[in-house]
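Beneath this line is the structure, given in structure tokens, with notes to follow.
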Amino acid sequence: MMLRILFLALTLFGTQALAAPPSNVLLRPIELDTGSGTLYGSLVLPKSDKPVPVVLIIAGSGPTDRDGNNTIGGRNDSLKKLAWRLAQSNIASVRFDKRGIAQSQPAGPDESKLSLDQYVTDAVAWGEKLKSDPRFGKVFVLGHSEGALIASLAAPRIGAAGVISIAGTGRPVGQLLREQLQRNHLPPAMLKRSFELISTLEAGRTDDNVPADLEVIFRPSVQPYMISLLRYNPATAFAALKMPALIIQGTHDIQVEVKDARLLKAAKPDAVLTLINGMNHVMRIVPMDMKRQVQSYNDPNQRLAGELGDRTVRFITKVNASQPSSPGTNGR
9 MMLRILFLAL TLFGTQALAA PPSNVLLRPI ELDTGSGTLY GSLVLPKSDK PVPVVLIIAG
69 SGPTDRDGNN TIGGRNDSLK KLAWRLAQSN IASVRFDKRG IAQSQPAGPD ESKLSLDQYV
129 TDAVAWGEKL KSDPRFGKVF VLGHSEGALI ASLAAPRIGA AGVISIAGTG RPVGQLLREQ
189 LQRNHLPPAM LKRSFELIST LEAGRTDDNV PADLEVIFRP SVQPYMISLL RYNPATAFAA
249 LKMPALIIQG THDIQVEVKD ARLLKAAKPD AVLTLINGMN HVMRIVPMDM KRQVQSYNDP
309 NQRLAGELGD RTVRFITKVN ASQPSSPGTN GR
């Protein structure tokens, strides 16, 4: 079962949480022409006579769509529900399908040509689109899991007002991957081969000699993407942020640990750290029971952790009120 959770993480492809979107918002499709394919997303826009802050929501790793759903892990609607919660507090949001995923599938190149840098470039393009839209005020970037690293890398190029990291790792992915594989109690020979493959990828080289049992993680076609991911240290990227940042981490997350959140906080001491007791990776309050954990990954009816929305809204509201407006930048 833990190998299944690992696969979900690595394969490419207060206030009560709402069961439905608030009635005072507009739900609209939105798209972005990247020049190399069109990316599709969803806009949640509170009705307002003046510009409202907007959050660009970036999904996590693998075939995770704009709503936080994964063709392997199931449907939980975590990011959709978070967008509704933001709208309840007069905060707009845009969440999108990454290239190669869901409606944006046609924009995806062959898996072997994907890179984390391409995802960052796409996030920057979305951010620029939002900054040019008169309906929006300050632009915030929120990333979940691997999306937190993308958010950290994209935010400075966007000129974002703030960054929100939810379940973002604070360690290089190679280190995290080694620990996860070790916890899976792989046979010694397979674990040794896994570590060799990780070291090769960290050195920027591919290796086609992958045992069948490890293909799900290290298949040759995914190795170029892994090389692009492994060269980043999330804590270093987070430390480089000059704008306010919020770190949110659940204490019952079986994919990312509390120590990752503390590493991000250490890297950027002025960031706000929020640990949510009992929250897991898909942002629900779930006990540390593997059966209950896995069930929550495929339960769209289970409410988000209330504190998640409250803390996110509080951060955005505070930053939105404290930062001075700049002429000609839609209030940023």
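Counting from 1 along the sequence shown, just add 8 to a position and that's the residue number in our numbering.
Heads up, the beta-carbon is just placed ideally off N, CA and C, and yes, glycines get one too.
Runs of the alpha helix (DSSP H) lying entirely within the segment 112 to 148 and spanning at least 4 residues, in chain order: 124 to 139. Under the three-state reduction of DSSP output, Y233 falls in the helix class. Judged by pairs of C-beta atoms under 8 Å, the segment 262 to 274 touches the segment 162 to 176, as three or more such pairs exist.
Contact between the segment 178 to 188 and the segment 134 to 143 is absent: fewer than three C-beta pairs spanning the two stretches fall below 8 Å. Rounded to whole angstroms, the Cβ separation of D130 and R93 is 25 Å, and the two are not in contact under 8 Å. Under the three-state reduction of DSSP output, S50 falls in the strand class. Setting aside the 5 residues that flank it on each side, A169 is surrounded in the same chain by P61, K146, V147, F148, M251, P252, V327, N328, Q331 and R340, each with a C-beta closer than 8 Å to its C-beta; the list follows chain order.
For M287, the pairing in a beta bridge is given by DSSP as I293.
According to DSSP, residue pairing for Q257 in a beta bridge involves L283. Counting only residues of its own chain and dropping the five nearest sequence neighbours on each side, R165 has a CB closer than 6 Å to the CB of V132. Put simply, of P277, L312 and D278 the residue whose alpha carbon is nearest the alpha carbon of N288 is L312. Going by beta carbons, N84 and D307 fall inside the 8 Å limit. A direct Cα-to-Cα measurement between V171 and I293 gives close to 23 Å.
By the 16-neighbour rule on beta-carbons within 10 angstroms, P219 is exposed.
Looking from the CA of V280, the closest CA among A197, T46, V230 and R319 belongs to R319. Judged by DSSP in its simplified three-state form, D278 adopts coil rather than helix or strand. For the options R322, Q303 and I324, the alpha carbon positioned closest to that of G81 is the one of Q303. The criterion of a C-beta distance shorter than 8 Å is not satisfied by I109 and V128. Between the segment 114 to 128 and the segment 42 to 49, the count of Cβ pairs shorter than 8 Å is three or higher; the stretches touch. D221 sits in a helix when the DSSP states are folded into three classes.
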